[in-house]
């Protein structure tokens, strides 16, 4: 098993956790479980943030998974790629935390930059090393 499978699985686990959180946040509206006394969903505000973050898990991370699969297929995984993959995962977790639990768009943008640069670094490292030939 390659060392890149673990960070890829970690991202899948993050998405699964977000699906579980979204289900719990929607429970008052869908099943009536946990409704406020006035019948509203007390989790409505966070539900929108979880939903938006879950959508984000299928945008930029696509490029992470593609480069990981290419690296595995080409047998081009090295310590730098593994480190960048884990930086990406740490950044995704931080990004999710910021997006779900705060409204701080500036911080979210800064944290996203970590994810963005880690994936660009993985692609750049792959191309510079000439593994794509």
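In my numbering, the protein residues as written are 1474 to 1606. Built from N, CA and C at the ideal position, the CB exists for glycine as well. What you are looking at is a predicted structure, and each value in this text was computed from that prediction instead of being measured.
Check	Outcome
Minimum C-alpha distance to residue 1550 - residue among 1598, 1492, 1534 and 1500	1598
Neighbour-count burial assignment, residue 1582, 16 or more Cβ in a 10 Å radius	exposed
Rounded straight-line distance, which links the Cα of residue 1498 to that of residue 1485	20 angstroms
Span separating the alpha-carbon of residue 1518 from that of residue 1546	42 angstroms
Inter-stretch contact at 8 angstroms, needing at least 3 Cβ pairs: the segment 1536-1546 / the segment 1571-1579	no
Beta-carbon contacts of residue 1564 that lie in its chain and below 7 angstroms, excluding the five residues immediately before and after	1584, 1587, 1588 and 1591
CA-to-CA distance, residue 1494 to residue 1516, given in whole angstroms	10 angstroms
Buried or exposed (CB count within 10 angstroms, at least 16 for buried), residue 1520	buried
Reference residue 1525, options 1511, 1488, 1554 and 1561, closest by Cα	1488
Pairwise C-alpha distance: residue 1580 and residue 1567	10 angstroms
CA-to-CA distance, residue 1511 to residue 1481, given in whole angstroms	43 angstroms
Unbroken alpha helix (DSSP H) run spanning residue 1556, endpoints	1552-1574
Three-state class that DSSP yields for residue 1603 in the structure shown	coil
Inter-residue spacing [alpha-carbon to alpha-carbon] between residue 1596 and residue 1540	6 angstroms
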